[in-house]
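Chemist: Below you'll find the structure I mean.
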Amino acid sequence: MKKVPCLLLGILLLWQAGQAQKAITLDDCFTFFRFFPQSAGSYRFAPDGRHYFEADGGNIEEYDLGTGLKSRTIVSQSELAAVGDWDEYVFCQDLTKVLLRTQTEAVYRHSVLADYWVYDLTRRQATRLYADAPVQYATFSADGGKIAFVANNNLFYKDLSSDKTTQITTDGKKNAVLNGLPDWVYEEEFSPVDGDGMVATEWSPDGSKIAFIRFDESAVPKMPMTWYQGGMYPRYTDFKYPKVGAPNSKVSVQVYDLASGRTAQAIPGTEEQDIYIPRIRWTPDNLLCMYLLNRPQDQLSLVLYDPLRQETGMLLHEMDPAYVDLEVCDNLIFLPNNRHFLWMSERDGYTHLYLLPRQGSADSTQVVQLTRGAFDVTHFYGVHPQTGKFYYQTATPTPLDRQVWEGSLDGAAPRLITADDGTHEATFSPSFEFFIHQWSKINTPNSADLCLLSGERLRPLVRNDRVERARKEFGFAPIEFITLRAADSSALNAWILKPLDFDPNKKYPVLFDIYGGPGSQTVQNQFNGYTGAWHQLLAQKGYIIVSVDNRGTGARGRQFKKCTQLQLGKYETLDQIAAARQLGALPYVDPNRIGIWGWSFGGYLSTSCVLKGADVFKMAMAVAPVTNWKWYDSAYTERYMHTTRDNAAGYEDNSPINFASRLRGGNYLICHGIADDNVHWQQTVEMVNALIQANKQFDTHYYPNRNHGIYGENATKHLFTKLTTFVLSKL
0 MKKVPCLLLG ILLLWQAGQA QKAITLDDCF TFFRFFPQSA GSYRFAPDGR HYFEADGGNI
60 EEYDLGTGLK SRTIVSQSEL AAVGDWDEYV FCQDLTKVLL RTQTEAVYRH SVLADYWVYD
120 LTRRQATRLY ADAPVQYATF SADGGKIAFV ANNNLFYKDL SSDKTTQITT DGKKNAVLNG
180 LPDWVYEEEF SPVDGDGMVA TEWSPDGSKI AFIRFDESAV PKMPMTWYQG GMYPRYTDFK
240 YPKVGAPNSK VSVQVYDLAS GRTAQAIPGT EEQDIYIPRI RWTPDNLLCM YLLNRPQDQL
300 SLVLYDPLRQ ETGMLLHEMD PAYVDLEVCD NLIFLPNNRH FLWMSERDGY THLYLLPRQG
360 SADSTQVVQL TRGAFDVTHF YGVHPQTGKF YYQTATPTPL DRQVWEGSLD GAAPRLITAD
420 DGTHEATFSP SFEFFIHQWS KINTPNSADL CLLSGERLRP LVRNDRVERA RKEFGFAPIE
480 FITLRAADSS ALNAWILKPL DFDPNKKYPV LFDIYGGPGS QTVQNQFNGY TGAWHQLLAQ
540 KGYIIVSVDN RGTGARGRQF KKCTQLQLGK YETLDQIAAA RQLGALPYVD PNRIGIWGWS
600 FGGYLSTSCV LKGADVFKMA MAVAPVTNWK WYDSAYTERY MHTTRDNAAG YEDNSPINFA
660 SRLRGGNYLI CHGIADDNVH WQQTVEMVNA LIQANKQFDT HYYPNRNHGI YGENATKHLF
720 TKLTTFVLSK L
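As structure tokens, then:
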């Protein structure tokens, strides 16, 4: 009998040894990225769908997709001596030429200035695209014989066979007119989620015409920026940035005909209207489709333009009482038969795919709904023109998960390609014979496989055993999904991370990590290899970390996402406060030690919560926050709030700067990059002024020459060192 307690003690000691943790450091998280997983990346498929390309040591190699073995070297580094170091490449469709980018200099989030070279694989010769100025955008014609590009805000094209360059526009001017390039607000707010930014120049399929958007931003107010670079005086720059109610660029769509050398305006008079034209796309039969979006963004028209007859016709008119979500309506596919097109819409309350006729689309009897159910389609991958099969992703089996499906244009039942829960993503080859399947769960790093359409795995591509071992070595605690209640009692998805040695009889401090912006989602069944490691660092120090998706977030249908219209931040704040009250009532939570932090919209929301929920949140940290909606850009803010003239109370009631006097205890940290072109440093400076006027103590951290991401030259680690120190001292 006396041996039993000894045996139990031995088991207990072994269990405790298994629970031992190795301390996570900020260097582990943000210098060495020890827990950041490898991904399959973005595959560059060859047109045949059976090969792909990779850059390796200055070479461009071709690999067999099925085996992963190198099949040949397309271009060797030695052949590109004249080009020098390059950082990006793109082939023309027939693989006879490759466009290489060098001397790259970032402009905004997506755009760059660069020097481009064309390497001809037939002649084995490299030639410079344009020598007179840096190029900001360049693209091949469909036949690969020409390249359209933008330099000094003017549009050009080069005939590669004759080496002749033709200037199409001459009125381009900095801070005045842009031809074939988006202005700042278009690039920031209308760039597709997947891709390198908004495209404002498009070749016709037959290569005879170039369509481009002309932006006249002369009347748009300038935003100044200061750069501190060690000189005796700072350097000053400015750029055009339309804020709420301010003039936007005047826009028009121009079509240049290569044969005649003439340019025609597709829809005369658009530059006199206060509208957006966020997309131009050609149909397979060389008609130009234009998206016309009114300024409140609740009405979207698709207009077809025939450049030969110079006639226009309405293709589709989409309306929404709140706003038409361009990210949803960005999935426009014209079928090769020139009789139908695919469209994505929230018209039945959830995001779904539809098949519509090119003619008579206003007749609802001709509209076929291809997907149905109380779930959102979250991604459209494309359609196989020969089989009529199409491929898409859904927020199923729960809004936290993602699955990949095959549908059929003939209405046949959909087929699930990826099973189980978690986040499943796919990248299909051009032939739709193969797809790259990436998968992860909230406690499982991602893996990737090459699969057949049947779902059969051909070969593994990525395994993150290194990350799995590191998680065990450092004693990562599991994250759990929970459900909390919004201020109106509706269910909110949330996750919670407790310390590995969690004791339900103790009282723990809680830190909320939130974003909460329109259509976003922080509570998803996928692995977080970036801030997720920092969360574990804090959990090791005795903190519970929580994230909550408030009303207004995505993957739960139109009503849940758009209920915040005209009151951006109101319900989001109420829901985070309600969630904190519920957690504070738990026996293992210290209700007097609940904090909140976020970045960008999350910084806005954390600031709003610590002011309006001062009796609930002890502390808050805000990085690059909006503090007054009237100081943010026109396209984003007016989409959800309209203008201050139309919705004065909505702006006043939901801008934290107006509630500075409610701050308690001085436990507020605000950080910002001084060169943030997106959420301007002005937002933080004015919040600081309001806090000073209210005689409230607070902490600040500023980052000179850093943009919205606050990175480079140790900035990321420096920022998270400050955030960590603030949590440990204030919570």
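Residue numbers (numbering that gives the first Met the number 0): 0 to 730. Quick reminder that beta carbons are idealized off the backbone N, C-alpha and C, glycines included.
Quick one: what's R555 bridged to in DSSP?
Modeler: According to DSSP, R555 bridges with nothing at all.
Chemist: Quick check: L291 and R280, are their CB atoms within less than 9 Å of each other?
Modeler: Going by C-beta atoms, L291 is not nearer than 9 Å to R280.
Chemist: Is the beta carbon of H423 less than 9 Å from the beta carbon of D400?
Modeler: Cβ atoms of H423 and D400: closer than 9 Å.
Chemist: Using the rule of at least 16 other Cβ atoms within 10 Å of the residue's Cβ for burial, across every protein chain shown, is H534 buried or exposed?
Modeler: Buried: at least 16 other Cβ atoms inside 10 Å.
Chemist: Using CA atoms only, rank isn't needed, just tell me which of N653, S488 and G594 is closest to T563.
Modeler: For the residues N653, S488 and G594, the minimum Cα distance to T563 belongs to N653.
Chemist: When you compare only the Cα positions, how much space is there between H109 and P277?
Modeler: Computed Cα separation, rounded: 15 Å.
Chemist: Which of the three DSSP states is assigned to L399 in this structure?
Modeler: Coil.
Chemist: Look at F559 and L64 and say whether their C-beta atoms are less than 9 Å apart.
Modeler: Not in contact: F559 and L64 (Cβ atoms no closer than 9 Å).
Chemist: Would you give the residue range spanned by the alpha helix (DSSP H) that R33 belongs to?
Modeler: From DSSP, R33 is part of no alpha helix (DSSP H); its letter is neither H nor E.
Chemist: Among R49, T236 and K69, which residue has its Cα nearest to the Cα of L449?
Modeler: Of the listed residues, the one whose Cα sits closest to L449 is R49.
Chemist: With respect to the alpha helix (DSSP H) encompassing K221, which residues constitute its N-terminal and C-terminal limits?
Modeler: Premise fails: K221 lies in the beta strand (DSSP E), K221 to W226, not in any alpha helix (DSSP H).
Chemist: So, A584 versus C608, is the Cβ gap smaller than 9 Å?
Modeler: No, the pair does not count as a contact, with Cβ atoms beyond the cut-off.
Chemist: As an exercise, report each continuous beta strand (DSSP E) stretch of at least 3 residues that is fully enclosed by the segment 411-463, in chain order.
Modeler: If we require 3 residues or more, the beta strand (DSSP E) runs fully inside the segment 411-463 come out as 422-427, 433-440, 443-451 and 456-461.
Chemist: Apart from the five residues just before and just after G518, which ones in its own chain have a Cβ nearer than 6 Å to its Cβ?
Modeler: Excluding residues within five positions, the ones whose Cβ falls inside 6 Å are G553 and K560.
Chemist: Below 6 Å CB to CB, which residues in the same chain sit around S203 once its five sequence neighbours on both sides are set aside?
Modeler: So the qualifying residues of the chain are W281 and N285.
Chemist: Apply the 10 Å Cβ neighbour rule to E216 and answer buried if 16 or more other Cβ atoms are within range, or exposed otherwise.
Modeler: It counts as buried.
Chemist: Identify whether F725 lies in helix, strand or coil by the three-state DSSP scheme.
Modeler: Helix, per DSSP.
Chemist: Could you tell me if A659 is buried or exposed, where buried requires 16 or more neighbouring beta carbons within 10 angstroms of its beta carbon?
Modeler: Label assigned to A659: buried.
Chemist: Can you tell me the Cα-Cα spacing of S251 and P223, whole angstroms?
Modeler: Between S251 and P223, the C-alpha separation is close to 27 Å.
Chemist: Let me know the secondary structure DSSP gives C328 once reduced to three states.
Modeler: Note: C328 maps to helix in three-state DSSP.
Chemist: How about Q365 and L355: are their beta carbons less than 9 Å apart?
Modeler: Going by C-beta atoms, Q365 is nearer than 9 Å to L355.
Chemist: Can you tell me which of T121, S77 and A132 puts its alpha carbon nearest to the alpha carbon of Q102?
Modeler: The option with the nearest alpha carbon to Q102 is A132.
Chemist: Going by the CB atoms, is the gap between T606 and F526 shorter than 9 Å?
Modeler: No, these two residues do not count as a Cβ contact at 9 Å.
Chemist: Is it right to say A623 is buried, meaning 16 or more other beta carbons lie within 10 angstroms of its own, or is it exposed?
Modeler: When all chains shown are included, A623 counts as buried.
Chemist: Run through DSSP, which three-state label would A263 get?
Modeler: Residue state, collapsed to three classes: strand.
Chemist: On the DSSP letters alone, give me the boundaries of the beta strand (DSSP E) that C608 sits inside.
Modeler: Where C608 is concerned, there is no enclosing beta strand (DSSP E), although the alpha helix (DSSP H) it sits in stretches over F600 to K611.
Chemist: Check the C-beta distance from A321 over to D297 and give it rounded, since I have them as a contact under 8 Å.
Modeler: Sure, about 7 Å apart at Cβ, within 8 Å.
Chemist: Ignore the nearest five residues each way along the sequence and tell me which others in T715's own chain have a CB closer than 8 Å to its CB.
Modeler: Within the same chain, T715 has close Cβ partners F29 and I709.
Chemist: Tell me which same chain residues have a C-beta within less than 7 Å of the C-beta of A199, skipping the five on either side of it?
Modeler: The residues are G179, L180, P181, F211 and I212.
Chemist: Whose CA, out of Q566, V545 and Y570, lies closest to the CA of G597?
Modeler: When each option's Cα is compared against that of G597, the closest is V545.
Chemist: Should F31 be labelled buried (16 or more other beta-carbon atoms within 10 Å of its own) or exposed?
Modeler: Answer is exposed; the Cβ neighbour count stays below 16.
Chemist: Using DSSP with H/G/I as helix, E/B as strand and the rest coil, what is L231?
Modeler: Note that residue 231 is Met in the sequence shown here, rather than Leu. The answer is coil: DSSP assigns M231 none of H, G, I, E or B.
Chemist: Terminal residues of the continuous beta strand (DSSP E) containing H534?
Modeler: Element bounds for H534: not the beta strand (DSSP E) but the alpha helix (DSSP H), T530 to Q539.
Chemist: Please return the same chain residues whose Cβ sits closer than 8 Å to the Cβ of V134, not counting the five positions on each side in sequence.
Modeler: Excluding residues within five positions, the ones whose Cβ falls inside 8 Å are L112, A113, D114, Y115, L128, F148, V149 and A150.
Chemist: May I ask you to verify whether the segment 663-677 touches the segment 697-713, counting CB pairs closer than 8 Å and requiring at least 3?
Modeler: Short answer: they touch.
Chemist: Using the Cβ count rule (16 or more neighbours within 10 Å means buried), how would you classify L451?
Modeler: When all chains shown are included, L451 counts as exposed.
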